[in-house]
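Chains as they are written, first to last, in this note's numbering: chain C, 1 to 415; chain Y, 1 to 415. Here the structure is laid out as C-alpha cells; the discussion comes afterwards.
There are 2 protein chains.
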Amino acid sequence: MTAEIYDMARRARDAGRALGALSGAVRAAALREMAAALRAHTAEIQRANAADLADAEAGGLSGPLVQRLRLSERTLCSMHDRLIAVAALPDPLGVISNGHVRPSGLRVMRVSVPLGVIGIIYESRPNVTTDAAAVCVKSGNAVILRGGSEALRTNTLLAELMAAAAAAAGVPADAVQTVRTPDRAAVGALLQLDRFIDVIIPRGGQSLIARIAAESRIPVIKHYDGICHQYIAADADLEMAVAVVVNSKCEKVEVCNALETLLVDAGAAERVLPALAAALRAQGVELRGDARARAVVPMDAATEDDWSTEYLAPILAVRVVDGVEAAITHITTYGSGHTDGIITGSMALADRFVAGVDAASVLVNASTRLSGGGDYGLGAVVGISTDKLHARGPVGPDELTCRKWVAYGAGHLRK
Amino acid sequence: MTAEIYDMARRARDAGRALGALSGAVRAAALREMAAALRAHTAEIQRANAADLADAEAGGLSGPLVQRLRLSERTLCSMHDRLIAVAALPDPLGVISNGHVRPSGLRVMRVSVPLGVIGIIYESRPNVTTDAAAVCVKSGNAVILRGGSEALRTNTLLAELMAAAAAAAGVPADAVQTVRTPDRAAVGALLQLDRFIDVIIPRGGQSLIARIAAESRIPVIKHYDGICHQYIAADADLEMAVAVVVNSKCEKVEVCNALETLLVDAGAAERVLPALAAALRAQGVELRGDARARAVVPMDAATEDDWSTEYLAPILAVRVVDGVEAAITHITTYGSGHTDGIITGSMALADRFVAGVDAASVLVNASTRLSGGGDYGLGAVVGISTDKLHARGPVGPDELTCRKWVAYGAGHLRK
Numbered sequence: 001m002t003a004e005i006y007d008m009a010r011r012a013r014d015a016g017r018a019l020g021a022l023s024g025a026v027r028a029a030a031l032r033e034m035a036a037a038l039r040a041h042t043a044e045i046q047r048a049n050a051a052d053l054a055d056a057e058a059g060g061l062s063g064p065l066v067q068r069l070r071l072s073e074r075t076l077c078s079m080h081d082r083l084i085a086v087a088a089l090p091d092p093l094g095v096i097s098n099g100h101v102r103p104s105g106l107r108v109m110r111v112s113v114p115l116g117v118i119g120i121i122y123e124s125r126p127n128v129t130t131d132a133a134a135v136c137v138k139s140g141n142a143v144i145l146r147g148g149s150e151a152l153r154t155n156t157l158l159a160e161l162m163a164a165a166a167a168a169a170g171v172p173a174d175a176v177q178t179v180r181t182p183d184r185a186a187v188g189a190l191l192q193l194d195r196f197i198d199v200i201i202p203r204g205g206q207s208l209i210a211r212i213a214a215e216s217r218i219p220v221i222k223h224y225d226g227i228c229h230q231y232i233a234a235d236a237d238l239e240m241a242v243a244v245v246v247n248s249k250c251e252k253v254e255v256c257n258a259l260e261t262l263l264v265d266a267g268a269a270e271r272v273l274p275a276l277a278a279a280l281r282a283q284g285v286e287l288r289g290d291a292r293a294r295a296v297v298p299m300d301a302a303t304e305d306d307w308s309t310e311y312l313a314p315i316l317a318v319r320v321v322d323g324v325e326a327a328i329t330h331i332t333t334y335g336s337g338h339t340d341g342i343i344t345g346s347m348a349l350a351d352r353f354v355a356g357v358d359a360a361s362v363l364v365n366a367s368t369r370l371s372g373g374g375d376y377g378l379g380a381v382v383g384i385s386t387d388k389l390h391a392r393g394p395v396g397p398d399e400l401t402c403r404k405w406v407a408y409g410a411g412h413l414r415k
Numbered sequence: 001m002t003a004e005i006y007d008m009a010r011r012a013r014d015a016g017r018a019l020g021a022l023s024g025a026v027r028a029a030a031l032r033e034m035a036a037a038l039r040a041h042t043a044e045i046q047r048a049n050a051a052d053l054a055d056a057e058a059g060g061l062s063g064p065l066v067q068r069l070r071l072s073e074r075t076l077c078s079m080h081d082r083l084i085a086v087a088a089l090p091d092p093l094g095v096i097s098n099g100h101v102r103p104s105g106l107r108v109m110r111v112s113v114p115l116g117v118i119g120i121i122y123e124s125r126p127n128v129t130t131d132a133a134a135v136c137v138k139s140g141n142a143v144i145l146r147g148g149s150e151a152l153r154t155n156t157l158l159a160e161l162m163a164a165a166a167a168a169a170g171v172p173a174d175a176v177q178t179v180r181t182p183d184r185a186a187v188g189a190l191l192q193l194d195r196f197i198d199v200i201i202p203r204g205g206q207s208l209i210a211r212i213a214a215e216s217r218i219p220v221i222k223h224y225d226g227i228c229h230q231y232i233a234a235d236a237d238l239e240m241a242v243a244v245v246v247n248s249k250c251e252k253v254e255v256c257n258a259l260e261t262l263l264v265d266a267g268a269a270e271r272v273l274p275a276l277a278a279a280l281r282a283q284g285v286e287l288r289g290d291a292r293a294r295a296v297v298p299m300d301a302a303t304e305d306d307w308s309t310e311y312l313a314p315i316l317a318v319r320v321v322d323g324v325e326a327a328i329t330h331i332t333t334y335g336s337g338h339t340d341g342i343i344t345g346s347m348a349l350a351d352r353f354v355a356g357v358d359a360a361s362v363l364v365n366a367s368t369r370l371s372g373g374g375d376y377g378l379g380a381v382v383g384i385s386t387d388k389l390h391a392r393g394p395v396g397p398d399e400l401t402c403r404k405w406v407a408y409g410a411g412h413l414r415k
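In C-alpha cells, the structure reads:
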C-alpha cells in the first residue's frame, strides 16, 4: 500500500506541474465542468450518500456526525454554487507584485505560482471534496483527498466526478485523486512524502490535527479551535446586539466560527443582558456567567475552564468586563485568535478593538459566523487557518499559491 | 535557566505588542538611532570582536569560520548602511489588501500586522545581529537573538547597542533581546515556548536547521541548501556567459546563492566551454564534468553525487544538456529550489525557463549572487528561505508580517 500511495503522490506531482502551466481560462472552464457534473449526477451521488448514511447509522455513529455526512438537496446546491463562484474569481496565478527596476537596471518582480500538491485529510463532511478540488484546481495545484471512512462511497464518487469533469476541460486526470483505502496507515505513508507533496491541510477535530502536525514531514496548515468572542460595548444598540449575538451563537453551533464567550461591558450589562439572555434561552442556549453577569440575570456559574472551552454546542459563557481594554485583555488571555467581534457605534472603540485584538478575523457589528470564505468573497475555502504563517483565516485559492522572485538582467553581476 | 528563557520570551511577547502599536515613523526613527549607535561605538565593537577572534583562533577554529566572525571596517560600514536602507523602506504594517464591499454591504479587508515575536538562531556572522534587529523592529516584531558561542562578546554588545538605541526612540527595551548563555539547553528551552514566540528562523548549516526544525514546537522558516544552476543556452553571448558564470561562482564561494552546477547547451558547448573553463580556472575553480563536457574541455569526471552537492567551495559541476527542457529537467531533479538562472538572448527561451523552473528565484542574464535582499531592494534580510509556505526567497520586513481580516458591518448576520 505504501507503494500505491507513493505512486499516487508522484503522479500528483506531475499532474500539478502540468495543471500549473494551464491558462486561467482553462482552469476556470474545468471548474464549470465540475459544477455541471455535480448537477448531472445528483441522483447517483445521493444513492452513494444514502449507502454511507445507512452504514453509519447501523454502525451507531452519533447524530451530529450523521448530520455532517448527509448531503441534502440544499447542501448539494451550495456545493454547486461554490464551484461556479470559484470559477468566476480572478486567476490567483501570474499575479505580479513588488515589481520594480533597481538602480542597476535589474528588473525584479514576484510572480504568484502554485504550491504544487496539496494533501487534504478530513472527516465527515463530503462537501470538502468538491470545495477542496475547486480551490486547488483554481490555484493550479494537484490535490490528494483523504476523507473519513464513513463517507468513503460519497467522497470517492465525488472525487471521480470532479477528476473526470476537470479532465474533460484539459486538466490532467491525476490532478484530483482520492485515497480509497480506509486503512489509517495510508495517511501515515502520505505524511512522509515531502518529496512530492507541498502542504497538508487537516480538517477535523483538534486531536486529528495535532496528530497529523506531529507526524508530518510536510508543512501543515492547521485549523485549531475557534474560541470566538463578541464584546458588547457600553453604547451598543440593543436590537443589533441581540440579533448579532443570537446569530453568532445559534446559526450553527458546531462550527469553528460560532460564538463561545460573550463579553458585556459593565456599562451595558443591566440594559442588554436581560434581553440577550431571553433571546438566547429562547433558542435553547444554556448560559454560564461570572458573578457580575449572574447579578443581572440568574444563570449557572462559569468556571475558569469555561473561558477557554470551545463548546461547539448550545452553551455560552458570559462575562461582564470594564471597558474595551479589559475585553481585549480577556480575549488575549483566553481566545484562540480565530474570530472576535465588537458591537459598538463608536469609531474610537471599534478602532481600538480592531488594533488590539490579535486574531485571524476581527469583526465590527457583524456576526462571527461571517468570518469565512463565502462571506469574504473567496467563493470556497478548504478551511479557516489559525496559523499566523502563510495562511491566516479562510484558506482560498490565493493561500494555495506562493510567490517566486524573477529578475531580468543584461549580464548583471554582484559588485 | 529555563525560567530565565521563559521570562525573556514573555517580556518579548509584551514588548512585541507595544512595538507593533507604534507608528511607522517611530520604528523608522529607531532604525536610524540603531545605525548611529553602530557608528558611534565602532571602536568598542571592534575590541569585542577582536577578543572573540583571539579566542576563536586560540581554540583552533577553522579559517573560513574565523573569516565569518571578523567584523572588518567594510562589514561594519555595510551593516550601518543596511540599517539606514531598512529605515527608508515603506512601512510593512497597516497595508490594506483585498479590500472590498460585499453585496451585503459588509466592508471586508486584510490588514498587515506583525507576527509577534521572532526567534533567530544563528552561527558565526555577527552582522545577523544588526540585520535581524533591523528587519524585526521595522516590521513591529520583537526579536530574541541566539548567536554562536564563538561570537558571544560581539553579538551581546551589538544587541545591547541596538536595544538601547531603539529604546531611545521609544521602542520597548525588551524588543531586542539576546540569549547570553552559551549553554545549548537554552535553545531547547526556547523552542518549546510556542506560547510566546511565533516563528523561529535558524541561520547556519543544514544539520543545525534540521535539528531545530525537528525539535521546535514553534513554526520554523527554513534556509536549506542552495544548489544553484546557470543554464547557458545555445545562443548565449560568450562574454556575458563568462562574466555571469564567474561572478555567480567566484564572488563568494561559501554562500547559499553561489553557483554549484553549470548546464551548457549542446549547441553552445564547443563555442563557450573553453573560454568558461579558462576563466573559472584562472580563479582557482576546480571543474567536474560529464562525458560530453569532458569531450570539449579536459576536466575531472563528475559523479552522480556531484549534481546534488552544495560545495560552498571553489568546485563547479558541469554538464552538457540538449535544450531548455533538458536543463529544466536537470534542475527539477537535482536542484534545491533556491536560485537558478539562464543566459540567453531569446525571449522564448527565457520565458520557458522562468515558467518551468520551480525555485525561489529565477534569474535571466544575471548572476545567482544577485538573489538576495539587498539586490531585490529589501534593504536587509534575516536569510533566504527555501520553504514554499509563507516566505519564499529573501526574508525581509514584509515576510515577518501576516494579514488579519477585518470586517465592518451594521448588524450583519449570516443568512
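For glycine and all other residues, C-beta sits at the position ideal for the given N, C-alpha and C.
query: With a Cβ-Cβ cutoff of 7 Å, do V244(Y) and I343(Y) count as a contact?
result: Translated into the one-based positions of the second sequence, residue 244(Y) becomes position 244. Translated into the one-based positions of the second sequence, residue 343(Y) becomes position 343. Yes. Within cutoff.
query: Does the count of Cβ pairs from the segment 191–206 of chain Y and the segment 370–389 of chain Y closer than 8 Å reach three?
result: Counting Cβ pairs under 8 Å, three or more are found: they touch.
- request: Could you name the residues of chain Y that K404(C) contacts, counting a contact when the two beta carbons are closer than 9 Å?
  value: Reading the first sequence from its first residue, position 404 is the one you call residue 404(C). Those are V354, V357, D358, A359, A360, S361, V362, R392 and G393, listed as they occur along chain Y.
query: Do V321(Y) and L263(Y) come within 7 Å of each other at the CB atom, strictly closer than that value?
result: For the purposes of this step, residue 263(Y) is taken as the residue at position 263 of the second sequence. For the purposes of this step, residue 321(Y) is taken as the residue at position 321 of the second sequence. In contact: L263(Y) and V321(Y) (Cβ atoms closer than 7 Å).
task: Could you tell me whether the Cβ atoms of E304(C) and D225(C) are closer together than 7 Å?
output: The sequence position of residue 304(C) within the first sequence is 304, counting from 1. The sequence position of residue 225(C) within the first sequence is 225, counting from 1. Against a cut-off of 7 Å, the Cβ pair of D225(C) and E304(C) comes out as no contact.
task: Return the chain-ordered ranges of every alpha helix (DSSP H) run that is complete within the segment 158–193 of chain Y and spans a minimum of 4 residues.
output: You should have 185–190.
- prompt: Would you say A175(C) and L19(C) are within 7 Å of each other, going by their C-beta atoms?
  reply: Counting from 1 along the first sequence, the entry for residue 175(C) is found at position 175. Counting from 1 along the first sequence, the entry for residue 19(C) is found at position 19. In contact: A175(C) and L19(C) (Cβ atoms closer than 7 Å).
field: Nearest-angstrom Cα separation, counted from L76(Y) out to A40(Y)
entry: Taking the second sequence and counting its residues from 1, one reaches residue 40(Y) at position 40. Taking the second sequence and counting its residues from 1, one reaches residue 76(Y) at position 76. Cα-Cα distance, rounded: 11 Å.
field: Contact set between G411(C) and chain Y, taken where Cβ atoms lie within less than 7 Å
entry: Indexing the first sequence from 1 puts residue 411(C) at position 411. In chain order: M240, A243, V244 and N365.
- prompt: At a Cβ cut of 8 Å, what residues of the segment 371–382 of chain C count as close to chain Y, listed as they run along the chain?
  reply: S371, D375, Y376 and G377
Buried versus exposed, by CB contacts within 10 Å (16 or more), H338(Y): Locating residue 338(Y) in the second sequence gives position 338, where the first residue counts as 1. Buried: at least 16 other Cβ atoms inside 10 Å.
- prompt: Mind pulling the chain C residues with CB within less than 7 Å of D198(Y)?
  reply: Within the second sequence, numbered from 1, the residue matching residue 198(Y) stands at position 198. Correct list: K388.
- request: Identify which residue in C256(C), A295(C), R82(C) and V246(C) has its Cα closest to the Cα of N365(C).
  value: Within the first sequence, residue 365(C) is the residue found at index 365, counting from 1. Checking every option, the nearest Cα to that of N365(C) belongs to V246(C).
- prompt: Taking Cβ-Cβ distances below 7 Å as the criterion, which residues of the segment 67–82 of chain C are in contact with chain Y?
  reply: Correct list: empty, as no residue qualifies.
- prompt: Based on Cα-Cα distance, which residue from E251(Y), A266(Y) and T156(Y) lies nearest to A291(Y)?
  reply: Stepping through the second sequence from its first residue, residue 291(Y) is reached at position 291. Per the Cα distances, A266(Y).
- prompt: Where do the N-terminal and C-terminal ends of the alpha helix (DSSP H) with I197(C) fall, by residue?
  reply: Taking the first residue of the first sequence as 1, we reach residue 197(C) at position 197. No alpha helix (DSSP H) contains I197(C), which DSSP labels as neither H nor E.
field: Environment of D235(C) [buried if 16+ CB atoms lie within 10 Å]
entry: Taking the first sequence and counting its residues from 1, one reaches residue 235(C) at position 235. When all chains shown are included, D235(C) counts as exposed.
message: Using 7 Å as the threshold, is the C-beta distance between R403(Y) and S112(Y) below it?
response: For the purposes of this step, residue 403(Y) is identified with residue 403 of the second sequence, where counting begins at 1. For the purposes of this step, residue 112(Y) is identified with residue 112 of the second sequence, where counting begins at 1. Yes.
query: M162(Y) and M34(Y): beta carbons closer than 7 Å?
result: Mapped onto the second sequence, residue 162(Y) falls at position 162. Mapped onto the second sequence, residue 34(Y) falls at position 34. Taking 7 Å as the Cβ cut-off, M162(Y) and M34(Y) qualify as a contacting pair.
query: Can you list, in chain order, the residues of its chain whose CB lies under 7 Å from that of D387(Y), leaving out five sequence neighbours each side?
result: Locating residue 387(Y) in the second sequence gives position 387, counting from the first residue. Within the same chain, D387(Y) has close Cβ partners I221 and K222.
- request: Kindly indicate which residue of A295(Y), P126(Y) and G140(Y) has the alpha-carbon position closest to the one of E399(Y).
  value: Position 399 of the second sequence, counting from 1, holds the residue named residue 399(Y). Comparing Cα positions, the closest option is G140(Y).
field: Between the CA atoms of R211(C) and A214(Y) - distance to the nearest angstrom
entry: On the second sequence, position 214 is the one that residue 214(Y) refers to. On the first sequence, position 211 is the one that residue 211(C) refers to. Computed Cα separation, rounded: 15 Å.
message: Against R369(Y), what residues of chain C qualify as contacts under a CB-to-CB distance less than 9 Å, listed in chain order?
response: Taking the second sequence and counting its residues from 1, one reaches residue 369(Y) at position 369. Result: L413 and R414.
message: Looking at chain Y, is there any beta carbon in it that lies within less than 7 Å of the beta carbon of V255(C)?
response: Reading the first sequence from its first residue, position 255 is the one you call residue 255(C). False, the Cβ-Cβ gap to chain Y never drops below 7 Å.
message: If we define contact as Cβ-Cβ less than 7 Å, is A58(C) a contact residue for chain Y?
response: For the purposes of this step, residue 58(C) is taken as residue 58 along the first sequence, with counting starting at 1. No, A58(C) lies away from the interface with chain Y (no Cβ there is under 7 Å from its Cβ).
task: Step through the CB atoms of chain Y and report whether any lies within less than 7 Å of the CB of E251(C).
output: On the first sequence, position 251 is the one that residue 251(C) refers to. Yes - at least one Cβ of chain Y is within 7 Å of the one on E251(C).
Stretch-stretch touch, CB-based, cutoff 8 Å, three pairs: the segment 390–397 of chain C with the segment 135–150 of chain C: yes
message: Which residue marks the beginning of the alpha helix (DSSP H) containing K249(Y), and which one marks its end?
response: Indexing the second sequence from 1 puts residue 249(Y) at position 249. Note, K249(Y): alpha helix (DSSP H), L238 to C250.
task: Answer yes or no: do L83(C) and L31(C) have a C-beta to C-beta separation smaller than 7 Å?
output: By 1-based counting over the first sequence, the position of residue 83(C) is 83. By 1-based counting over the first sequence, the position of residue 31(C) is 31. Yes. Within cutoff.
Residues of the segment 206–228 of chain Y with Cβ closer than 8 Å to any Cβ of chain C, in chain order: Listed in sequence order: P219 and I221.
- prompt: At a Cβ threshold of 7 Å, is V171(Y) touching chain C?
  reply: Position 171 of the second sequence, counted from the first residue, corresponds to residue 171(Y). V171(Y) is outside the set of residues whose beta carbon lies under 7 Å from a beta carbon in chain C.
message: Using the three-state DSSP reduction, which class does L145(Y) fall into: helix, strand or coil?
response: Locating residue 145(Y) in the second sequence gives position 145, counting from the first residue. In the structure shown, L145(Y) sits in a strand (DSSP, three-state: E or B).
field: Beta-carbon proximity list for A36(Y), same chain, < 8 Å, skipping 5 on both sides
entry: Start at 1 with the first residue of the second sequence, and residue 36(Y) comes out as number 36. Cβ neighbours of A36(Y) beyond the five flanking positions: A165.
field: Bridge partner(s) assigned by DSSP for I232(Y)
entry: Translated into the one-based positions of the second sequence, residue 232(Y) becomes position 232. In the DSSP output, where bridge partners are listed per residue, I232(Y) has V264(Y) and I343(Y).
task: Note the first and the last residue of the continuous alpha helix (DSSP H) segment covering E399(C).
output: Within the first sequence, the letter at position 399 stands for residue 399(C). First-last for E399(C): undefined, no H or E at that position.
message: So, with DSSP's three-state summary, where would you put A317(Y)?
response: Within the second sequence, residue 317(Y) is the residue found at index 317, counting from 1. Note: A317(Y) maps to strand in three-state DSSP.
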